[in-house]
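Peer 1:
Protein chains: 2
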Amino acid sequence: MKTYGYTKVDLTGGYLFEKQELNRTATIKAVYDRFDETGRVGAFRFDWKPGDDLRPHIFWDSDIAKWMEGAAYILAKHADPELEKKVDDLVALVKKNQDENGYFNIYYTVVEPENRFTDRECHELYCAGHMMEAAVAIAEATGKTDLLDCMEKYADHIHKVFVEDNSAGFFTPGHEEIELALVKMYRYTGKKKFLDLCAHFINTRGTVEEKRGDIYTQSHMPVREQAEAVGHSVRACYLYTGMADLAIETGDEALKAACRKLFDNMANCKMYVTGGLGSTYMGEAFTGAYDLPNDTAYAETCASIGMIFFAHRMMQMDGDAKYADMIELQLYNGMLSGLSADGAAFFYENPLEINLSEQYDSAYYGKRRFPITERVECFSCSCCPPNLNRVLPSMGQYVYGIEGDTLFVNQYIGSVLKDSGISCTMTTDYPRTGTISVKAEGTAKVALRIPGWCRGFTLNKPYVMEKGYAVVENDGEIILELDMQAYAVFADPRVLRDAGKLAIRRGPIVYCAEGVDNGSDLHSYLVKAGFKAAEVPCEFGLPALDIPCKKLLPLESGLYSAEMPGTEDAVLRMIPYNAFANRGESDMLVWLTAALG
Amino acid sequence: MKTYGYTKVDLTGGYLFEKQELNRTATIKAVYDRFDETGRVGAFRFDWKPGDDLRPHIFWDSDIAKWMEGAAYILAKHADPELEKKVDDLVALVKKNQDENGYFNIYYTVVEPENRFTDRECHELYCAGHMMEAAVAIAEATGKTDLLDCMEKYADHIHKVFVEDNSAGFFTPGHEEIELALVKMYRYTGKKKFLDLCAHFINTRGTVEEKRGDIYTQSHMPVREQAEAVGHSVRACYLYTGMADLAIETGDEALKAACRKLFDNMANCKMYVTGGLGSTYMGEAFTGAYDLPNDTAYAETCASIGMIFFAHRMMQMDGDAKYADMIELQLYNGMLSGLSADGAAFFYENPLEINLSEQYDSAYYGKRRFPITERVECFSCSCCPPNLNRVLPSMGQYVYGIEGDTLFVNQYIGSVLKDSGISCTMTTDYPRTGTISVKAEGTAKVALRIPGWCRGFTLNKPYVMEKGYAVVENDGEIILELDMQAYAVFADPRVLRDAGKLAIRRGPIVYCAEGVDNGSDLHSYLVKAGFKAAEVPCEFGLPALDIPCKKLLPLESGLYSAEMPGTEDAVLRMIPYNAFANRGESDMLVWLTAALG
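Line by line, the protein sequences are chains A and B. Note that the first sequence covers residues -4 to 592 in the numbering used here. Note that the second sequence covers residues -4 to 592 in the numbering used here.
#1: Is it right to say Q392 of chain A is buried, meaning 16 or more other beta carbons lie within 10 angstroms of its own, or is it exposed?
#2: Can you tell me whether Q480 of chain A is buried or exposed? The criterion is at least 16 other CB atoms within 10 Å of its CB, across all chains shown.
#3: Name, in chain order, the residues that DSSP records as bridge partners for C419 of chain B.
#4: Beta-carbon of S357 of chain B versus every beta-carbon of chain C: anything under 8 angstroms?
#5: So who's on the other strand from F452 of chain B, going by DSSP bridges?
#6: Of all the residues that make up the stretch 460 to 490 of chain A, which are near chain B by a beta-carbon distance shorter than 8 angstroms?
#7: If we cut at 8 angstroms on Cβ distances, does P560 of chain B have a partner in chain A?
#8: For a contact meaning CB atoms closer than 7 angstroms, what does E353 of chain A contact in chain B?
#9: Comparing alpha-carbon positions, which option in A:S57, A:G273 and A:L326 lies nearest C122 of chain A?
#10: Considering only DSSP beta bridges, list what E509 of chain B is partnered with.
#11: Determine contact between the stretch 568 to 580 of chain B and the stretch 529 to 541 of chain B, defined as no fewer than three beta-carbon pairs at a distance below 8 angstroms.
#12: Do R501 of chain B and D478 of chain B come within 8 angstroms of each other at the CB atom, strictly closer than that value?
#13: For K595 of chain A, does the three-state DSSP call read helix, strand or coil?
#14: Do L118 of chain B and I53 of chain B have their C-beta atoms closer together than 8 angstroms?
#15: From the DSSP output, in three-state form, read off H227 of chain A for me.
#16: Y27 of chain A and W62 of chain A look like a contact to me (Cβ under 8 angstroms); what is the Cβ gap, rounded to whole Å?
#17: Identify each residue in the stretch 257 to 277 of chain B for which the Cβ-Cβ distance to at least one residue of chain A is less than 8 angstroms, and report them in chain order.
#18: Here's the rule: buried if 16 or more other CB atoms are within 10 angstroms of the residue's CB, otherwise exposed. What is E13 of chain A?
#19: Hey, quick one: how far does the alpha helix (DSSP H) through C297 of chain A stretch, first residue to last?
#20: Going by the DSSP bridge assignment, what does R255 of chain B pair with across the sheet?
#21: In chain A, what lies closer than 7 angstroms to A494 of chain B by C-beta?
#22: Please report whether the beta-carbon of D512 of chain B lies at a distance below 8 angstroms from any beta-carbon of chain A.
#23: Are there 16 or more other CB atoms within 10 angstroms of the CB of L49 of chain A, so buried, or fewer, so exposed?
#24: To which residues of the same chain is R200 of chain A closer than 6 angstroms at the C-beta, ignoring the five residues directly before and after it?
#25: Out of A:S335, A:S432 and A:I210, which one is the CA nearest neighbour of E279 of chain A?
#26: Tell me where the beta strand (DSSP E) around K544 of chain B begins and ends.
#27: Just to confirm the assignment, what range does the alpha helix (DSSP H) spanning F12 of chain A have?
#28: Interface residues of chain B around G553 of chain A at Cβ under 9 angstroms?
#29: Alpha carbon to alpha carbon, how far is Q406 of chain B from K3 of chain B?
#30: According to DSSP, simplified to helix, strand and coil, what is L550 of chain A?
#31: Output yes if chain A places a C-beta closer than 8 angstroms to the C-beta of S556 of chain B; else output no.
#32: Can you confirm whether Y360 of chain B, when its beta carbon is compared against all beta carbons of chain A, has any partner nearer than 8 angstroms?
#33: Given R29 of chain B, which residues of its chain have a CB within under 6 angstroms of its CB, disregarding the five upstream and five downstream residues?
#34: For L120 of chain A, decide whether its Cβ has a neighbour in chain B, counting only Cβ atoms nearer than 8 angstroms.
#35: Just tell me which of B:T438, B:L387 and B:G399 has its CA closest to the CA of L412 of chain B.
#36: Should the stretch 525 to 534 of chain A be regarded as contacting the stretch 497 to 514 of chain B, the criterion being three or more beta carbon pairs within less than 8 angstroms?
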């Protein structure tokens, strides 16, 4: 399936549009200001000297690059001279400070210039990849090619060092990213050399001895043999995205097959119900199948974003609605939980459970390690905030696709598609409601994704189901009505932390209970599947849910009893998971105690 | 209630008698051999010099002291020349190496002689206390008073340093223990100075500024104001035991009231269903009320033993059966889980849940910290093994008590009591069966504890209930029949990790499921209260239980589903909790997923 890029699609209304606007009006500036304060912006002046404060960090280039990429997506749709000047100034500094040979990296120019391309774990190629993504985005959005020129030169230099001379201290990137960026460079410039460099990195991975050449960096075996998602979850998703890109360009069936296996392994064995990926902070990594602890979940915001990228390529590769389902799950849950309601604070880790009573601080002996409980404005490793900056303004790319005579509607967002010979207007307040109107021109058929979570729908036309899409003749306005009633979700019982529990979703939105609404004994609410949830207004742009249930009562005496604790009728207030922790520090629970009898 | 010491009571048969015999025939030797290999025995020669291997550790004296105490209890009942010689040799070394002024401590003589009594956290008074307990035990068991003479001299020296001269670098012990030991010294010798020294330490605690003078060492406030069990759980139990001893001796009502509050706080807010105390390895400590995580439980074997000591004093103080219930719970569960079936290996920590799939080792980034999963022969801090050595041969002291004209039967163990003017023979295979025969002479009444766990009993005589005891006229053989049918136990729902779960007990024994019997998906067994358990033979000296239940089946596709997973009829094999991890590394679960609907 060919998908339409974000430049062809304007979002026009609804929940995700509001988040896109929040990014444009608040988040993009908040991230820049924090990056300015912390020295990341100033580092581009290349004037740091030993003894100065704010020593550049090895991955600061990438933070700014992702921010520039996001700014470019905004500028493509909205004139914003102030924002454009910030980008221009940064690009000018890149141009000024790039090495004659094309090399560009702040840390390895002002701090350790003698050690370029010696340490695989030091993110040089990762930074390069993000600068290349920014370069393509800026060129596409504004027509300005200064940064692209710089990055073409840098890519040529990298090709020389890693392919022609093979003179670097390692063979493949420790942190993947440049692979997918090189495909973007290739697609935009048409220069095959960039695709070849991507193929070189992907094909060399796991075939040579190198530092951390283990599962942590997905370097434990050749990529075409990999079937289990392992190691650092963001690196994994970025690699798999690059693999899928390369496979699409080359038609490499073995690579495609590996991508499918890796996707299914994540989706079916290693993903939280919220889309969160990565069960442990130790290495920010995947662990074993079905090991999904809720309170210590890592579930990095960037991993959900990486999964969006990967699923987008898989949709391009195979045109199956399950990949669009994944994008939807991640957009609404795993990714958006990383962003505060005011657009200025962020989660890096996204746990599915907070029990403040377990975060006991013994003062002298410390406390157990848990994810932080409230969003913050910046991290020392602040990869997630600018990743949000670039996904939110480019969400249009996930909405529509085309294959043959059929227009595919992959995401339900109020929007207008305009391309040569084809157009489409979608009107919907999804997911606040389940009613979607689609009016398309220039296509014989329209395929509407029937979400995997959807338990019932009506369509005003005859349809046939194909790969998860309801395909209809395009003979006038299409009205799709998705059943948005909230219901219980169960996990495979091999996920031992969720056995005997249930989660609640409404449409694509996973819900959670917070202590601020329900008191701290969240585990004592006993919920029966088949509840009738009441939708109630809520400050977070989506309905809250009131779930009728029972609440277990404290024992009258002692700590243990042969009698089951008494219960009282109760109502559990649930809010969208992505909105947790916006009202102060609070207990939080996704997986509720289930009445399974 | 006056209780009869172990010298007056011989155990004659049954499960605990078998454990006592196991200690006598295996454990006492195994611990000595490990202590010999690791240098603890040799350290008593006081010949270590800088540069030598096996540098004495600050608490090695206490390891050997507890072992000697246990050996003495054995020697009181069984001639064993080899064992006696080991004790005699050690005592001779103490006598030889004690300072002229009475001071005795290996580390602070051969390693840091210049720093005696300068560091509150270095266990000198703790070691002194254990040496005193050993001294009293040896004198009482064998009539040999060499060690007692040494320790009286040492106690005098401590009195001089801490009371008369007030010349130490601190005021009260960092690790409590000497308090209860001084009461033993006082009771055996009649010398009031030892009780006064105990009172000095207890009354000074929490009233002066000192190192770690915080909750970790129960030094955060005067002891009579303490109402919540805090800090290092073994230190806490030892302190509370000393407080109760002192209160019994002095009749101090404020101190008695504090003891009652601290006991109830542990029993009602901070104790695992197995009796385990201490929720975190960070400081080996209590955390907040109801915070009882199962997989990371610390529940140190020594803390259960400390609780036995404390509950024993509380029974002496108040004569309430709830304290005998506590002793029973700890003996059978929290304490005995520390000992392997062969008597030669030990747990220090006693978790209530093992999920091997969660103990993911990322190699480079390590793995989450969990209690060890199989017992080992020795620890670098090996306090628990010799603590078992001394409890097991002295269990007779917990069986009988007297108050006025009533003989109290506190524990049900086949045994014979003989004291001047009174005798009793108890015949029972408890807790394999619930039938207990008691024949007493020389007492007008007999009071039989009706355990708090007991849901039904029959007695062949009329009785009145008093403080948890069924009191009968002593006019012939008494036959008590306790209902031993297994049943479900629920936790107060404020224990969030146990909400929606149930445990299973049969009589005083808490049960667990192991992966070796049931496969690794222990959480997927769904158990309904009201089950009818089948008792089946088991290698661990108590019946195993087969629990009819349902088992949740893996989903047919995907990781999450709107349909509850299917179930199949299943039988869950449960074994006594104290016997877990005797058949290799395995998953283990006490709190089962409950069908609560």
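Think of the CB as a built atom: it goes at the ideal place given N, C-alpha and C, for glycine as much as any other residue.
Peer 2: On the basis of the data shown:
#1: Translated into positions along the first sequence, residue 392 of chain A becomes position 397. So Q392 of chain A ends up on the buried side.
#2: The residue you call residue 480 of chain A lines up with position 485 of the first sequence. It counts as exposed.
#3: The residue labelled residue 419 of chain B in the question sits at position 424 within the second sequence. B:L412 and B:A435.
#4: Within the model displayed, chain C is absent; protein chains A and B are what it includes.
#5: Taking the first residue of the second sequence as position 1, residue 452 of chain B is located at position 457. According to DSSP, which records beta bridges pairwise, F452 of chain B is partnered with B:L477.
#6: Y482, A483, V484, F485, A486, D487, P488, R489 and V490
#7: Residue numbering aside, residue 560 of chain B sits at position 565 when the second sequence is read from its first letter. Judged by the 8 angstroms Cβ criterion, P560 of chain B is in contact with chain A.
#8: Numbered from its first residue, the first sequence carries residue 353 of chain A at position 358. The answer, in chain order, is D286 and P288.
#9: As a first step, residue 122 of chain A must be located in the first sequence, where it is residue number 127. Of A:S57, A:G273 and A:L326, the residue nearest in Cα terms is A:S57.
#10: Taking the first residue of the second sequence as 1, we reach residue 509 of chain B at position 514. Listed as beta-bridge partners of E509 of chain B by DSSP are B:M583.
#11: yes
#12: Position 483 of the second sequence, counted from the start, is the residue given in the question as residue 478 of chain B. Position 506 of the second sequence, counted from the start, is the residue given in the question as residue 501 of chain B. Going by C-beta atoms, D478 of chain B is not nearer than 8 angstroms to R501 of chain B.
#13: Nothing can be reported for residue 595 of chain A, as the shown portion of chain A is limited to -4 through 592.
#14: Numbered from its first residue, the second sequence carries residue 118 of chain B at position 123. Numbered from its first residue, the second sequence carries residue 53 of chain B at position 58. Inspection of the sequence shows that residue 118 of chain B is occupied by His rather than by Leu. Closer than 8 angstroms, so yes.
#15: Here residue 227 of chain A is taken as the residue at index 232 of the first sequence, counted from 1. The answer is strand: DSSP assigns H227 of chain A an E or B state.
#16: Reading the first sequence from its first residue, position 32 is the one you call residue 27 of chain A. Reading the first sequence from its first residue, position 67 is the one you call residue 62 of chain A. Yes, Y27 of chain A and W62 of chain A are in contact; Cβ-Cβ is about 6 angstroms, under 8 angstroms.
#17: Under the 8 angstroms Cβ criterion, the stretch 257 to 277 of chain B contributes A262, N263, C264, M266, V268, S274, T275 and M277.
#18: The count along the first sequence starts at 1 and reaches residue 13 of chain A at position 18. Exposed, by the Cβ-count rule.
#19: Position 302 of the first sequence, counted from the start, is the residue given in the question as residue 297 of chain A. Looking at the DSSP string, the run of the alpha helix (DSSP H) that includes C297 of chain A is T296 to D313.
#20: The sequence position of residue 255 of chain B within the second sequence is 260, counting from 1. For R255 of chain B, which the question treats as bridged, DSSP gives no partner whatsoever.
#21: Translated into the one-based positions of the second sequence, residue 494 of chain B becomes position 499. What A494 of chain B touches in chain A: H518, S519, L547 and T588.
#22: Mapped onto the second sequence, residue 512 of chain B falls at position 517. Cβ-Cβ to chain A under 8 angstroms: no for D512 of chain B.
#23: Position 54 of the first sequence, counted from the first residue, corresponds to residue 49 of chain A. With fewer than 16 Cβ atoms within 10 Å of its Cβ, L49 of chain A is classed as exposed.
#24: For this step, residue 200 of chain A is matched to residue 205 along the first sequence. For R200 of chain A, where only same-chain residues beyond five positions count, the Cβ hits under 6 angstroms are T167, S214 and V218.
#25: Within the first sequence, the letter at position 284 stands for residue 279 of chain A. Measuring from the Cα of E279 of chain A, the nearest candidate turns out to be A:I210.
#26: Residue numbering aside, residue 544 of chain B sits at position 549 when the second sequence is read from its first letter. Before going further, note that residue 544 of chain B is Cys rather than Lys in the sequence given. C544 of chain B -> beta strand (DSSP E) spans A539 to L547.
#27: In the first sequence, the residue the question calls residue 12 of chain A occupies position 17. Counting along the chain, the alpha helix (DSSP H) containing F12 of chain A begins and ends at Y10 to L17.
#28: The residue given as residue 553 of chain A occupies position 558 in the first sequence. Result: A262, N263, G447 and D487.
#29: Here the question's residue 406 of chain B lines up with position 411 in the second sequence. Here the question's residue 3 of chain B lines up with position 8 in the second sequence. Q406 of chain B and K3 of chain B: Cα-Cα distance of roughly 15 angstroms.
#30: Within the first sequence, residue 550 of chain A is the residue found at index 555, counting from 1. Looking at L550 of chain A - three-state DSSP - the assignment turns out to be coil, as it is neither helix nor strand.
#31: The residue labelled residue 556 of chain B in the question sits at position 561 within the second sequence. Cβ-Cβ to chain A under 8 angstroms: yes for S556 of chain B.
#32: Here residue 360 of chain B refers to the residue found at position 365 of the second sequence. Cβ-Cβ to chain A under 8 angstroms: yes for Y360 of chain B.
#33: Walking along the second sequence from the start, residue 29 of chain B turns up at place 34. These residues qualify, in order along the chain: E372 and C373.
#34: Indexing the first sequence from 1 puts residue 120 of chain A at position 125. Judged by the 8 angstroms Cβ criterion, L120 of chain A is not in contact with chain B.
#35: The count along the second sequence starts at 1 and reaches residue 412 of chain B at position 417. If we check each option's Cα against that of L412 of chain B, B:T438 comes out closest.
#36: no
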